[in-house]
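Residue numbers (this note's numbering), protein chains in the order written: chain A, 6 to 958; chain P, 3 to 419; chain Y, 7 to 96.
Don't be surprised by glycine CBs; every beta carbon is placed ideally from N, CA and C.
Since the structure is predicted, the reported quantities are computational estimates derived from the model, not experimental observations.
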Amino acid sequence: MSGLRLDHGGRMDRRRPVSFSFDGATYQGFAGDTLASALLANGVMLFGRSFKYHRPRGLLGAGSEEPNALVSVSRGPGRHTPNLRATGVEVYDGLVATSQHRWPSLKTDLGAINDRLGMFFPAGFYNKTFMWPRSFWDKLYEPVIRRMAGLGEAPSEEDPDHYAATYAHCDLLIVGAGPAGIDAALEASGTAKRVILIDEQDEAGGGALADPALWPWLQESLKDLAAAPNITVLRRTTAFGYYHDNFIGAVERLTDHLAQIGDGAREKLWRIRAGEVILAQGAIERPLVFAGNDVPGVMLASAARTYLHRYGVAVGKSVALVAAHDSGWQDVFALARAGVIVAAIIEVRDRVAAALLAEAEVLGIPVKLGHSVIDVHGRLAVKGITIARNDHSGAARITCDALLMAGGWTPCVHLWSHSKGSLAWDDALGAYVPDQPNEKVRCVGACSGKWNFGSGLVIDALPTPRDQHRIKAFVDFQNDVTAKDITLAVREGFKSIEHIKRYTTTGMATDQGKTSNLNGLQIASQALGRHVTEVGLTTFRPPYTPQTFGALAGHAKDDLFQPTRKTAIDGWAEEHGAVFELVAQWRRARYFPQAGEDMLAAVNRECRAVRSAVGIFDASTLGKIEVVGPDAAEFLNRMYTNPWKALEPGRCRYGLLLKEDGFITDDGVSARLAPDRFHLTTTTGGAARVLNTMEDYLQTEWPDLDVWLTSTTEQWAVIALQGPLARKLLEPLVAGIDLAGDAFPHMAIREGTVCGVPARLFRVSFTGELGFEINVPAAYGRALWERLMTDGAACGITPYGTEAMHVLRAEKGFIIVGQDTDGTVTPNDAGLDWAVGKKKPDFVGRRSLSRPDIVAPGRKQLVGLLTDDPAVVLEEGAQIVADPAQSIPMKMIGHVTSAYWSETLGRSIALALVAGGHARLGETLYLPMPGQVVRAKVSGMVFFDPAGARLNV
Amino acid sequence: MTRFSAFSLFAKALGGHQGWPEQWPDASPKPAYDAIIVGAGGHGLGAAYYLAKKYGITNVAVIEKGWLGGGNTGRNTTIIRSNYLYDESAHLYDHALKLWDGLSQELNYNTMYSKRGVMMLAHNVHDIQSFKRHIHANRLNGVDNEWLTAEQAKDYCPPLNISPDARYPVLGAALQRRGGTARHDTVAWGYARAAAALGVDIIQNCAVTGIRRGADGAVLGVETERGFIASRRIGVSAAGHSSVIMQMAGLDFPLESYPLQALVSEPVKPVFPCVVMSNTVHAYMSQSDKGELVIGAGTDQYVSYSQRGALHIIEHTLAAICEIFPIFRRMRMLRSWGGIVDVTPDRSPILGKTPVPGLYINCGWGTGGFKATPGAADLLAYTMAKDEPHPINAPYNLDRFRTGRLIDEAAAAAVAH
Amino acid sequence: MLLIHCPYCDQQRAEIEFAYAGEAHIARPLDPAAMSDEDWARYLFIRSNPRGRHHERWRHIHGCGRFFNAVRDTATDKFEATYQAGKPRR
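Structure (structure tokens):
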């Protein structure tokens with residue numbers, strides 16, 4: 006075929022030809038063409054293959070309702086996009102598109118064997134077979150089914166594009182820039198309202214783009230809108246979902262239509278909150294259901310008019326119309342006036358308006374009233390049709406190369422339904438129309454069910470003399486659902502449309518049933534002998550059209566996915582080769598390997614330094630809360646298990662927090678700075694949770710308490726100096742604090758200056774060594790760290806990371822909440838009864854500690870565990886049994902929570918939660934590991950310096 | 003019941019498929035039944051099936067407010083696994099997993115249970131500790147679950163990004179090979195068809211409006227939109243609506259109902275071979291046999307029955323998916339939807355007797371009920387038939403909230419279901 | 007994304023500024039030690055979870071930081087009212 010482009014008409018720019026390829030062949034089109042219109046202009050009718058039967062398919066529509074013409078577009082590494090509707094792909098110079106779901110080629114697709122065997126693949130066939138022999142499912146049936154399914158190929162490389170996102174607020178959001186939407190915008194143009202007008206196409210105008218008579222109006226209107234300062238018009242932007250309280254999600258496509266994409270964002274997510282919404286989404290024409298209605302060249306009549314007027318393309322040289330609605334007549338009249346031969350109008354109705362008949366006569370179009378199409382000839386393109394009277398008599402063949410269908414109109418109520426607006430059935434339209442709104446929203450134009458397309462007959466499937474059970478009359482084109490599939494579903498007892506949808510998959514293809522839902526419903530209604538409203542309506546689900554993952558993810562990518570929290574000293578650690586670990590949103594230096602060291606060697610060296618000289622550790626990530634007010638001590642007394650009222654200013658205390666269910670949730674050392682001021686610390690991961698919980702109790706349970714809580718986590722940099730030489734190193738740098746052991750004992754706090762910087766100095770230890778934690782304003786953290794490194798060089802100062810910290814604390818039996826406890830551990834379980842104020846009448850979680858199963862014997866309790874072979878380091882998470890000889894399933898009595906090589910002790914150590922553990926001291930237990938059983942003895946939890954002699958110096 | 007087979011499909015095809023009977027009749031309520039199940043999801047229909055099949059109680063009605071299988075059964079992401087930490091959970095979910103294997107043959111309905119493996123990603127040291135604890139416990143419980151290095155994980159699932167520079171790098175993974183997926187609707191349909199064949203009445207579009215109790219407190223039956231239906235044995239398996247039903251019997255429950263969203267992409271050719279879950283990054287994904295990427299999101303934060311969620315939850319989920327699988331950034335979301343999940347304080351179900359004689363409950367499955375379907379159904383049937391819980395579901399009683407014997411998988415491991 | 011009125015800021019703001027905080031008007035018992043296990047469990051765990059009017063708490067966590075109460079219909083997600091903590095149940 007030489008091509009169907011007319012020599013005049015259309016809105017593309019004929020001065021800007023573009024060259025593009027489809028399945029390797031090069032074609033010419035114009036800027037302003039879609040891939041669909043440009044290929045059609047080149048005489049291409051075959052665009053794709055259907056999902057199940059691999060039937061050849063052409064264009065059904067011209068817009069986002071298109072179910073058939075899906076293509077892949079590739080533009081360099083990582084820029085492969087499958088399943089794009091050719092009707093929405095704008096051509097540009099160099100566009101490379103390919104068809105999909107066919108092998109070896111679009112014209113010769115071996116998958117089409119499914120079409121020949123189609124009788125064996127009715128709806129739900131896979132439910133009924135592939136069960137024997139049983140083992141074949143995993144090895145054969147499912148892999149074959151999976152390979153047969155799917156449409157295009159997924160991308161195989163990372164997408165180099167980036168995506169943007171924004172929030173927008175407006176008084177009025179109008180969705181759809183067709184005549185109704187533009188009118189609504191113009192109405193608001195003189196007002197103070199902030200207005201956003203959104204349209205999914207490259208050009209505003211909607212249905213007006215296919216009606217040259219409206220073009221002068223359109224041009225004027227768009228000029229007025231552009232001049233209105235309160236109106237923003239977004240093109241290539243799809244409002245895809247309508248969420249609570251007038252929140253609308255939309256995606257704007259920024260670069261896919263450009264030959265040179267530059268480095269801007271590919272798409273942009275608009276999150277719009279609107280005071281009021283006007284939906285002007287138009288209506289979608291319905292196909293008719295008859296045998297062969299899917300042959301390439303059979304399409305919607307309105308689409309043919311769009312191709313004619315908007316793109317200057319005739320969909321055929323000799324076209325026929327099968328209509329149940331007046332609008333199709335007007336469409337072919339337009340074609341006839343443009344010089345296209347209209348071979349016949351086959352009208353299902355027995356009578357139509359006299360004006361239509363008169364016009365047809367003027368244009369010389371043969372009309373067949375009371376007729377239906379009963380077959381379509383041609384495989385890869387329409388070659389002709391057979392028609393018959395609705396009483397099945399008078400079969401006749403008509404030659405044509407395209408067949409247009411006019412089955413009436415379906416208002417686009419998708420967003421309305423997302424918003425939970427109700428729908429009412431309109432018998433005359435044969436469609437659901439908007440009824441009661443659930444938000445501040447209204448529908449205008451065709452999507453409200455009001456249009457000037459004329460009237461029609463609502464029909465489920467065209468009458469045919471052929472056996473309904475043997476023909477393929479398609480309802481859902483992409484998923485290959487036929488009328489007989491729906492009647493089969495009904496026959497098998499699927500009676501609600503939700504069941505029918507799921508059983509047949511009608512409406513579940515990538516077009517989400519835009520052209521098929523109502524036909525499916527009508528057919529089901531007929532088969533069930535129930536009114537449509539009793540059959541129901543499937544739920545409309547976002548998005549309106551498929552939307553890119555990348556656009557929905559927006560900026561949240563790589564470093565912006567979730568920002569990494571870093572301390573003031575993080576940069577120093579990075580420069581000095583630290584290996585990091587992620588802890589909650591923070592990253593922390595795990596160890597500082599020197600040349601040739603693995604983790605164990607580095608950690609051993611770091612531990613030796615702390616025990617023999619001095620180590621330096623960045624503890625800044627610990628959560629910090631400033632608690633201030635006359636009732637501060639009373640408040641903490643209620644929150645923590647410990648008593649706080651008697652704590653003297655200048656002293657610290659280990660504090661334990663429970664949830665109301667009695668289980669440990671957080672801990673930390675806290676200091677009393679003054680009678681009405683505390684400096685709390687929390688775990689790294691628990692900081693926000695603890696503060697929120699404290700605020701909750703303070704604001705809602707005890708609003709009478711005069712207390713203020715402030716997060717100070719990021720205000721302080723915290724440097725821990727730990728080791729026998731810590732005091733010697735620190736002393737010269739401190740002013741205003743006497744560091745002598747009796748003046749500044751363990752578990753005390755003093756305020757003064759360090760290197761001239763105001764500091765809160767804690768004398769605390771998580772290592773068992775003499776230790777200080779220096780809190781200085783975060784901005785000074787790195788400078789102080791570097792000064793300590795310089796001054797400490799002589800005494801062997803060694804930076805250590807979280808791994809050495811874990812080993813050192815485990816040697817002392819200090820627990821880590823979240824590792825040695827897990828949300829099911831009580832203070833007694835953890836051996837922390839000493840931290841529970843026995844005399845306090847109440848604190849958060851106290852009541853739960855006396856529940857029957859909390860006081861029952863046999864609870865898992867934290868103990869030490871020493872392997873018989875000191876060289877064996879247990880695996881954290883390893884399970885413990887009393888009897889290793891038992892068979893599986895074994896009775897497990899606990900697990901290892903922490904396990905390390907202790908360089909200090911020259912052997913492995915471990916902590917474990919063991920049932921009745923406190924009573925098992927000295928008992929040998931077993932850890933069945935793959936290939937071996939490890940023996941270990943239950944011990945106390947303090948492995949090193951149990952008397953604490955090294956602390957109190 | 004017409005048996006399904008390749009042969010029957012062939013034979014019926016020759017007749018234009020006009021010979022297929024209804025898979026289950028749309029029953030009208032009788033005045034009384036030996037047992038009533040409220041809720042025709044997979045759990046409820048399955049319980050009816052097992053009551054009839056294993057315990058000979060065939061005079062059973064399943065009463066459903068809407069259409070069978072229209073709740074969470076038909077709205078979930080179909081993940082099946084049993085690698086839970088605690089003995090109670092491992093036994094419960096593995097009981098279900100064993101029933102999944104062979105369910106298609108038992109029901110003569112292809113439920114498409116696909117043992118493609120469920121892989122859970124470890125992104126930090128805490129994850130590793132937690133997963134190893136699971137793996138060791140599972141091994142000693144006879145439940146398969148194995149540790150994979152990052153490279154092994156990528157071999158198993160090629161689209162995985164294991165770059166150490168990722169915001170949350172993959173440090174390894176726990177893999178349960180017997181885990182996988184099934185086709186959700188067919189589970190409900192298969193149980194419905196098999197139960198109906200044994201005499202069970204499936205009564206749809208019949209909302210329960212009340213539970214009638216006698217002077218002794220025991221149940222007498224249910225009030226419905228279609229009148230009173232008597233039964234001395236009532237099992238409630240109503241997922242997100244469990245609180246509402248239990249309140250009809252005067253019982254307040256430790257449950258809250260949250261919106262849970264899920265989504266699918268457009269179908270593509272096979273690209274994703276297994277199920278991958280990441281609790282740290284908060285997303286999970288598989289590819290359906292149809293070719294759609296099936297993606298789960300977290301719950302919205304507030305109690306709701308609206309079956310509607312917020313866009314920002316979807317945004318977070320897809321950001322997480324693109325972070326772990328950057329090759330999918332150009333894929334497109336085709337459909338998203340919401341369900342209602344009923345969540346207990348310890349995130350474990352309640353399955354057993356209630357304080358009301360004759361009233362049994364199966365609820366609180368949260369986001370993880372689909373995988374338990376055959377197991378929960380079997381155990382609910384046992385409990386209703388014997389008026390006492392099976393040892394597997396005995397720990398899942400209501401009393402644990404009083405005594406403190408919680409089964410808190412989430413607290414124990416920060417592992418979502 | 008819900009639109010929520012903060013009764014302290016007296017502004018309608020987007021849901022992402024707020025944190026849901028569970029059912030409202032469940033006061034912590036004044037003397038937990040005197041309670042039975044049943045009553046304590048009821049306080050801890052039993053929630054009304056209605057389909058319909060729900061009294062619930064929110065915190066304007068990325069705003070004023072205050073906890074407040076709300077009445078919302080859980081079937082439609084529409085707020086009926088929000089009010090300051092400590093004010094009588096609506």
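Backbone CA spacing between residue i and residue j [nearest angstrom]
i: Arg135 of chain P; j: Leu87 of chain P; result: 8 angstroms
i: Ser427 of chain A; j: Ala411 of chain A; result: 27 angstroms
i: Ile379 of chain A; j: Arg475 of chain A; result: 13 angstroms
i: Leu813 of chain A; j: Arg856 of chain A; result: 35 angstroms
i: Gly461 of chain A; j: Thr134 of chain A; result: 43 angstroms
i: Ala343 of chain A; j: Gly459 of chain A; result: 22 angstroms
i: Ser907 of chain A; j: His167 of chain A; result: 48 angstroms
i: Asp950 of chain A; j: Phe24 of chain Y; result: 49 angstroms
i: Asp218 of chain P; j: Gly354 of chain P; result: 20 angstroms
i: Ile329 of chain P; j: Gln154 of chain P; result: 19 angstroms
i: Arg787 of chain A; j: Ala573 of chain A; result: 6 angstroms
i: Asp485 of chain A; j: Lys57 of chain A; result: 6 angstroms
i: Leu408 of chain P; j: Arg402 of chain P; result: 6 angstroms
i: Ala745 of chain A; j: Arg677 of chain A; result: 20 angstroms
i: Thr391 of chain A; j: Gly333 of chain A; result: 19 angstroms
i: Gln527 of chain A; j: Ser422 of chain A; result: 20 angstroms
i: Arg384 of chain A; j: His262 of chain A; result: 33 angstroms
Contact set between residue i and chain Y, taken where Cβ atoms lie within less than 8 angstroms
i: Pro347 of chain P; result: Leu50, Phe51
i: Pro960 of chain A; result: Chain A is shown from 6 up to 958; residue 960 of chain A falls before or after that span and cannot be answered.
Same chain, Cβ closer than 6 angstroms to residue i, five either side skipped, listed in chain order
i: Glu86 of chain Y; result: Val77
i: Ser770 of chain A; result: Gly776, Leu956
Contacts around residue i, its chain only, beta-carbon distance under 8 angstroms, and the 5 residues preceding and following it disregarded
i: Val417 of chain P; result: Any answer about Val417 of chain P is weak, because its pLDDT of 35 lies below 50 and its placement is not dependable; what the coordinates show is given next. Counting only Cβ-Cβ distances below 8 angstroms, and skipping sequence neighbours, we find Leu87, Met122, Ser132, His136, Asn281, Glu411.
7 angstroms CB neighbourhood of residue i in its chain, flanking five on each side removed
i: Leu253 of chain P; result: Thr356, Pro357, Val358
Chain A residues whose Cβ lies nearer than 7 angstroms to that of residue i
i: Phe73 of chain Y; result: Asp701, Gln704, Thr705
i: Ala91 of chain Y; result: Gln704, Thr705
Cβ-Cβ separation, residue j to residue i (assumed contact under 8 angstroms), whole Å
i: Phe27 of chain A; j: Val49 of chain A; result: 7 angstroms
i: Leu523 of chain A; j: Gly435 of chain A; result: 7 angstroms
i: Val266 of chain P; j: Ile363 of chain P; result: Contact flag wrong, Cβ pair sits at about 32 angstroms.
i: Asn642 of chain A; j: Lys845 of chain A; result: 7 angstroms
beta-carbon residue i near the ligand PLP non-hydrogen atom, thresh 7 angstroms
i: Leu703 of chain A; result: This structure lacks the ligand PLP, and indeed carries no ligand of any kind.
Amino acids of chain Y, ordered along the chain, whose beta-carbon sits closer than 9 angstroms to that of residue i
i: Ser245 of chain P; result: Arg53, Ser54, Asn55, Pro56, Arg57
Amino acids of chain Y, ordered along the chain, whose beta-carbon sits closer than 7 angstroms to that of residue i
i: Tyr248 of chain A; result: Met7
The stretch 125-139 of chain A touching the stretch 255-264 of chain P, judged by at least three CB pairs closer than 8 angstroms: no
Practice prompt. Evaluate contact between the stretch 154-162 of chain A and the stretch 178-190 of chain A, counting only Cβ atoms and requiring at least three cross-stretch pairs below 8 angstroms.
Written response: no
query: Counting Cβ pairs closer than 8 angstroms, one from the stretch 860-872 of chain A and one from the stretch 910-922 of chain A, do we hit at least three?
result: yes
At a cut of 8 angstroms, does the stretch 235-249 of chain P reach the stretch 344-353 of chain P through at least three beta carbon pairs? yes
With a threshold of 8 angstroms, are at least 3 pairs of Cβ atoms found where one atom belongs to the stretch 243-257 of chain A and the other to the stretch 217-235 of chain A?
no
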